[in-house]
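Report on one structure; see the data block that follows.
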Amino acid sequence: MDEAAKALALIGGTALLNEPGQDERQRQAAWDSMLYAQLVANKQAGSRFDDYDAWYAAYTATYRQLGWLKIAGTHDQRQLGMARPNGPIQPLEAWMRIRAIEHKAVVAAVTGQLSRSGAAFGHLLKFCARDEAGVSSVVVEIGLLKPGPVMDLCSIALHTTKPITGYALSTLMSEQLKQGEAVFNGVSLALDSERFAPQRDELKSLMASKDQHGAYRFYLNAERTGEEYE
């Protein structure tokens, strides 16, 4: 598949590639579920930067409550800049290989679209990056939305002493930092449409309201209808 042709939806701290012409109801269910899961995690666990493990646990638990079924998952944690005895394959690339996804094409599609829109890149940084005295943090998720719907997601939490503004997004995603630590979580989720159906309309309305107040979502070439937002 041509990953560069996929539309990019920025939902909080997630950059989600969407296949062109995807079923509108499936796409909307994924977008609304993703924003809701992040907002619930913020409420239950606080900032994703302060306790990433607790935040991510609350985030994925919310998907289950909405009717998303976990079909695969992975976890890795490591110090950056250290020699790797098992070769050059990084956790993000390894996870995408397992899910039959072309790693370089996905990263290029996400970073390429963001590099052409300063507003989009600024929107993502607002939710996924924090610079503080002596320590900078990034918690970013990239993913693919497939028919079903199925979402393949990889969340990356990085901590380094260099200001995040000193790095390109492609560097962060390819794990080329020379120092710091990183945590990787991959998950694939498939929606049980029957379980999701009773809450579909209420969730869409609630997320539209939240987005009007918080501007959580930004779309690049995504197909939008009805109450969808910029």
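In terms of the numbering used here, the sequence shown opens at residue 7 and continues consecutively.
Backbone N, C-alpha and C fix where the C-beta goes; we use that ideal spot for every residue, glycine too.
Residue i and residue j closer than 8 Å at C-beta
i	j	result
A47	A64	yes
L120	V144	no
R223	A15	yes
G19	F190	no
L130	A60	no
8 Å contact criterion, which residue i and residue j should meet: CB distance rounded
i	j	result
K210	L45	Wrong, their Cβ atoms sit about 14 Å apart, outside the cutoff.
G192	L159	7 Å
Candidates the options, of which the one nearest residue i by Cα
i	options	result
G128	K76, Y225 and Q205	Y225
E208	A15, P26, G27 and D38	D38
E138	D158, T166 and K152	T166
G149	G140, M213, F133 and A115	A115
G220	Q32, E30, M102 and L41	L41
L212	A43, E30, A21 and L22	A43
A135	V146, T66 and D59	V146
P29	Q205, L151, K110 and M102	According to the sequence as given, residue 29 is Asp; it is not Pro. Comparing Cα positions, the closest option is L151.
Distance between residue j and residue i (C-alpha atoms, nearest Å)
i	j	result
Y62	H81	12 Å
R70	K12	26 Å
A169	S123	The sequence given here places Pro at residue 169; Ala does not occur at that position. Distance between the alpha carbons of P169 and S123 is about 21 Å.
E187	K49	26 Å
G73	M157	13 Å
R54	I77	24 Å
F198	G140	In the sequence as presented, Phe is not what sits at residue 198; that position holds Asp. Taking the straight line joining both Cα atoms gives about 44 Å.
V112	S194	16 Å
F202	S142	38 Å
E25	A214	22 Å
A67	A125	31 Å
S161	G154	21 Å
G79	I107	14 Å
R206	L23	22 Å
R103	R31	28 Å
Q34	Q83	32 Å
L75	Y58	22 Å
E99	A196	21 Å
P204	G27	25 Å
I17	D56	20 Å
Minimum Cβ-Cβ distance from residue i to chain C less than 8 Å
i	result
F202	No chain C appears in the structure shown, which is made up of a single protein chain.
- Message: Going residue by residue through the segment 22 to 71, where are the continuous alpha helix (DSSP H) segments of at least 4 residues, counting only ones entirely within it?
- Response: 30 to 51, all fully within the segment 22 to 71.
- Message: Ignoring anything shorter than 3 residues, give me the beta strand (DSSP E) runs that lie fully in the segment 138 to 174, in order along the chain.
- Response: Counting whole runs of 3 or more residues, the segment 138 to 174 contains the beta strand (DSSP E) stretches 141 to 152 and 156 to 166.
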